[in-house]
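Position 98 of the sequence shown, counting from 1, maps to 110 under my numbering, and the rest follow consecutively. Working notes, beginning with the structure itself.
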Amino acid sequence: MNPEHMKKKRLSKKPSASVPPQRQEVALSTWLLSIALVLAPLTAGRLEVGGEPVEPSLHGVVTALFTTGTLLPVAIWVIALLMLAAVVWEWRKYPSGDDRIPPSARVLAAGLLWWMLASVLPSSYRWGTVVAWSYWAVAIAAAWLFARRQAESVWTIALALAVAGTLSAAFAMREYAENVRTVPNWRVFGTFFNPNFLAGYLCLTMPVTLALALATSGERKELRWLLGFWAWMQMVAILLTGSRFGTASAVLALAVLVGWMAWNRSWNRQRALLLAGVCLAVLGTALFTARSLTARVTPQAAQAGEHSGGFRVWTWRGTMRMVQAHPLIGTGLGTYEIAYPRYAYVGFTRLAHNSYLQIAAEAGVPALIVLLGTLGILAWGVLRTEARPANPADADSTDMPVDPRVLRAGLAGAIAAGLARNLIDSDWYIFACLWTFWAVVGLMLSLTPRGKGHEVKLKRLYVAHTALLAVACVVLTLRMGGALHANSANWSLSQGIPDAQGYQRALQWEPFNGDHYLSLGMLYLGMARAGDASHAAEAEQALRRSAELMPLSKTWYHLGNLYRDVQGDLERAADAYRRALQLDPHALRVMAELGRTLERQGKLQEAEAVYRQMLKIEASVYHQVRAIPELPEVEYAFAYAGLARAAKLQGKPEREVRDLYARALQILDADRDARERNPMAQAMRRTAERERALEELHRECERALR
Numbered sequence: 013m014n015p016e017h018m019k020k021k022r023l024s025k026k027p028s029a030s031v032p033p034q035r036q037e038v039a040l041s042t043w044l045l046s047i048a049l050v051l052a053p054l055t056a057g058r059l060e061v062g063g064e065p066v067e068p069s070l071h072g073v074v075t076a077l078f079t080t081g082t083l084l085p086v087a088i089w090v091i092a093l094l095m096l097a098a099v100v101w102e103w104r105k106y107p108s109g110d111d112r113i114p115p116s117a118r119v120l121a122a123g124l125l126w127w128m129l130a131s132v133l134p135s136s137y138r139w140g141t142v143v144a145w146s147y148w149a150v151a152i153a154a155a156w157l158f159a160r161r162q163a164e165s166v167w168t169i170a171l172a173l174a175v176a177g178t179l180s181a182a183f184a185m186r187e188y189a190e191n192v193r194t195v196p197n198w199r200v201f202g203t204f205f206n207p208n209f210l211a212g213y214l215c216l217t218m219p220v221t222l223a224l225a226l227a228t229s230g231e232r233k234e235l236r237w238l239l240g241f242w243a244w245m246q247m248v249a250i251l252l253t254g255s256r257f258g259t260a261s262a263v264l265a266l267a268v269l270v271g272w273m274a275w276n277r278s279w280n281r282q283r284a285l286l287l288a289g290v291c292l293a294v295l296g297t298a299l300f301t302a303r304s305l306t307a308r309v310t311p312q313a314a315q316a317g318e319h320s321g322g323f324r325v326w327t328w329r330g331t332m333r334m335v336q337a338h339p340l341i342g343t344g345l346g347t348y349e350i351a352y353p354r355y356a357y358v359g360f361t362r363l364a365h366n367s368y369l370q371i372a373a374e375a376g377v378p379a380l381i382v383l384l385g386t387l388g389i390l391a392w393g394v395l396r397t398e399a400r401p402a403n404p405a406d407a408d409s410t411d412m413p414v415d416p417r418v419l420r421a422g423l424a425g426a427i428a429a430g431l432a433r434n435l436i437d438s439d440w441y442i443f444a445c446l447w448t449f450w451a452v453v454g455l456m457l458s459l460t461p462r463g464k465g466h467e468v469k470l471k472r473l474y475v476a477h478t479a480l481l482a483v484a485c486v487v488l489t490l491r492m493g494g495a496l497h498a499n500s501a502n503w504s505l506s507q508g509i510p511d512a513q514g515y516q517r518a519l520q521w522e523p524f525n526g527d528h529y530l531s532l533g534m535l536y537l538g539m540a541r542a543g544d545a546s547h548a549a550e551a552e553q554a555l556r557r558s559a560e561l562m563p564l565s566k567t568w569y570h571l572g573n574l575y576r577d578v579q580g581d582l583e584r585a586a587d588a589y590r591r592a593l594q595l596d597p598h599a600l601r602v603m604a605e606l607g608r609t610l611e612r613q614g615k616l617q618e619a620e621a622v623y624r625q626m627l628k629i630e631a632s633v634y635h636q637v638r639a640i641p642e643l644p645e646v647e648y649a650f651a652y653a654g655l656a657r658a659a660k661l662q663g664k665p666e667r668e669v670r671d672l673y674a675r676a677l678q679i680l681d682a683d684r685d686a687r688e689r690n691p692m693a694q695a696m697r698r699t700a701e702r703e704r705a706l707e708e709l710h711r712e713c714e715r716a717l718r
């Protein structure tokens, strides 16, 4: 049939009475998803670690959502609730339509979620696995929900994604302006846990924003240049993160965008000039603002101890050991921090710096294979449709103010950058990055229909996704309730008011959360150390329950301190420290405390063996390759001082004793100097008890060297 005739027929067809309600219904769900897209990077870009407690009020909670990871569960709950509302709305108003996801990919995605959930069986922290699974459930559901967008909704969603990326870039630029005078090579964090994850997120939004600028018709000149300016902001923000692979991934995204547009023949002179103008503006800006990046790629950076790359490689090797030990079903989704230390070659890390390896380690190799299979099937469908002489998505694009061919190129660049980023970092373990990636995948599918004759009743799919999101929302509601009550207790404690009931209320919401038991145990331990010995039994009970639910080395370390310092039971203290070392064989602070405890027991040979083991670690790759090599590892000072005491008791030459004390003092002085000069060291606060122990050791070394 003549294409011109088809176009005239389509334009002359009058809309039926049912069309306006359908468009209104889709628009409402699209607005809900657009709000979620904007909220994700601003509220869910952090890890729930190290956050300061906030005032338990509406103002405090809202402020925390945009400034700290303390209440991350609240942010994720809001996003999941918006998605659930969108699904229910569309189910009621739009029960049939085109399913854009191939059945085989849908089956594999369901299999992935079931396999991840099955990893709860061997999990060392089952509640953590259930919570991590709920994040993936919300993200996978996002792909289907965003794939349901129609032509007029795709523009709204893509624009919301561009707004989200621009706001993230604006926060980053403001941060850079505030810090660049004092720290010229400052790396911006924005609203994310670290600069690399901000770069990873912007690699998802920048290609889409640029594609919108290129795809907007020439009649909308102001909008085109505004979108081009937004793309420039996001590119500059990526440079300001100082993320080397983030920058490389952004270049990959641009290359894919350019190549894809050449493939579908969507280039014209106007678009080429706009792209050239944006890129030249970025290069010009980089001459003045790229210190964050250049400071990490120069030979001087390598000489100064920039070991980020080496640390990653050794982390991957340790993660591979973890995969080999648990190849089928892993250690449990979300348990990397707990299980990894037993297999590590180098220091502590919460993430594997490679999402693919971390998924294989936590959920088993089959989970990784199914995930890659799902993505492969979706990619094949997109490529096959794009290769057709006339893409059906383009014929249905009269309601879109942009060229869908160009928008698909930007989405392809974003997906390519996202996949590449996860080779070098664990972006999918940051909820904002995980959820946005699958939203982009869904948006790509919305522009890649399977052709005519595929309109089906969607009741089963609506039921499945509503149930999936409902289950996730239940889990996230419990998680949110626990987080809010724990924050309230932490806030009271920061004001000098112990609030054990706050932690107990948190446990009513999350009875299997080991963190709440740990916080409660530490509260009771502090009270017992302050002189109220009646709380010692409660501290032991809470800490032991935490160790059962979430077997962390630090929990047994605190139990050892309780037994030794409060109850005076050196034997049980030594046993607790040994349990801690079984969970983390490189836990230097635990080894130092075990050595001191053995000395107090009179077991000098065992204590000396522990201290010498610490020095073996100092000579190993564990000490030589560190994530932050500029910060001295002060625990070795305790080992040298302990060996000096042992040498003195054994009657060894005074010179040997003095050399050991001198080495301990050298480490302590280097630590003091680093804390005076290094902003990162200053941010790592120590407890008053820890400071006293270091001060006592410093005085001991000085007395010995007089």
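Even glycine gets a Cβ: it sits at the ideal position worked out from N, Cα and C.
{"Check": "Given L680 as reference, the closest of K664, R689, G663, E645 once Cα atoms are compared", "Outcome": "E645"}
{"Check": "For D587, the three-state DSSP class (helix, strand or coil)", "Outcome": "helix"}
{"Check": "Cβ-Cβ distance between L570 and L582 below 8 Å", "Outcome": "As written in the sequence, residue 570 is His, which differs from the Leu given in the question. Against a cut-off of 8 Å, the Cβ pair of L582 and H570 comes out as no contact."}
{"Check": "DSSP beta-bridge partners of T228", "Outcome": "V414"}
{"Check": "Cβ pair count under 8 Å reaching 3, the stretch 167 to 182 against the stretch 49 to 59", "Outcome": "yes"}
{"Check": "Neighbourhood of Y137 by C-beta distance below 8 Å, restricted to the same chain and skipping five residues each side", "Outcome": "G344, G346, T347, I350, G526, L561, M562, P563"}
{"Check": "Span separating the alpha-carbon of A117 from that of G359", "Outcome": "38 Å"}
{"Check": "Which of helix, strand or coil DSSP assigns to G271", "Outcome": "helix"}
{"Check": "C-alpha distance - Y623 paired with L530, whole-angstrom precision", "Outcome": "28 Å"}
{"Check": "Minimum length 4: unbroken alpha helix (DSSP H) runs contained in the stretch 161 to 230", "Outcome": "163 to 191, 207 to 227"}
{"Check": "Straight-line Cα distance separating T194 from A313", "Outcome": "Bear in mind that a pLDDT of 49 at A313, under 50, signals an unreliable position, so the model cannot answer this."}
{"Check": "Local conformation of S632 per DSSP, three classes", "Outcome": "coil"}
{"Check": "Paired residues, beta bridge with S108 - DSSP", "Outcome": "K469"}
{"Check": "Selected residue, minimal CA-CA separation from K471, among T79, T55, D110, S46", "Outcome": "D110"}
{"Check": "First and last residue of the uninterrupted alpha helix (DSSP H) at L44", "Outcome": "31 to 55"}
{"Check": "Selection from Q513, P134, G212, A159 that minimises the alpha carbon distance to G444", "Outcome": "A small fix is needed here, since residue 444 is Ala in this sequence, not Gly. Per the Cα distances, G212."}
{"Check": "Simplified DSSP state of Q315, which is helix, strand or coil", "Outcome": "With a pLDDT of 45 at Q315, under the threshold of 50, the predicted position of this residue should be treated as unreliable, though the coordinate-derived value follows. Three-state result, Q315: helix."}
{"Check": "Chain-order list of residues whose beta-carbon lies under 6 Å from that of F723 (same chain, five-residue window excluded)", "Outcome": "Any property of residue 723 remains undetermined from this structure, which presents the chain solely from 13 to 718."}
{"Check": "Close Cβ partners of G289 (< 8 Å) along its chain, the five nearest in sequence each way excluded", "Outcome": "G240"}
{"Check": "Reference K232, options L252, M626, V414, T259, closest by Cα", "Outcome": "For the sequence presented, residue 232 should be read as Arg rather than Lys. It is V414 whose Cα lies nearest to the Cα of R232."}
{"Check": "Where H497 sits in the DSSP three-state scheme", "Outcome": "helix"}
{"Check": "Buried or exposed (CB count within 10 angstroms, at least 16 for buried), N280", "Outcome": "exposed"}
{"Check": "For N197, the nearest candidate out of Q162, S261, T253 (CA to CA)", "Outcome": "T253"}
{"Check": "Segments of 4+ residues assigned as alpha helix (DSSP H) that fall wholly inside the stretch 339 to 425", "Outcome": "348 to 351, 367 to 375, 377 to 398, 404 to 407"}
{"Check": "Cβ-Cβ distance between L419 and L224 below 8 Å", "Outcome": "yes"}
{"Check": "Candidates F183, R576, R557, of which the one nearest P523 by Cα", "Outcome": "R557"}
{"Check": "DSSP state of H71 mapped onto helix, strand, coil", "Outcome": "helix"}
{"Check": "Neighbour-count burial assignment, G614, 16 or more Cβ in a 10 Å radius", "Outcome": "exposed"}
{"Check": "Spatial neighbours of L480 in its chain, beta-carbon cut-off 6 Å, leaving aside the 5 residues before and after", "Outcome": "A149, A153"}
{"Check": "Alpha-carbon to alpha-carbon, Y357 and N191", "Outcome": "35 Å"}
{"Check": "Selection from L610, R256, L655, S229 that minimises the alpha carbon distance to M626", "Outcome": "L655"}
{"Check": "Cβ distance (whole Å) where A364 is taken to contact T327 below 8 Å", "Outcome": "6 Å"}
{"Check": "Run of the alpha helix (DSSP H) containing H528, from where it starts to where it stops", "Outcome": "526 to 541"}
{"Check": "CA nearest to the CA of M456, picked from P597, V394, H338, A182", "Outcome": "V394"}
{"Check": "Proximity below 8 Å, CB of L549 to CB of G572", "Outcome": "One point to set straight first is that residue 549 is Ala, not Leu, in the sequence displayed. Taking 8 Å as the Cβ cut-off, A549 and G572 do not qualify as a contacting pair."}
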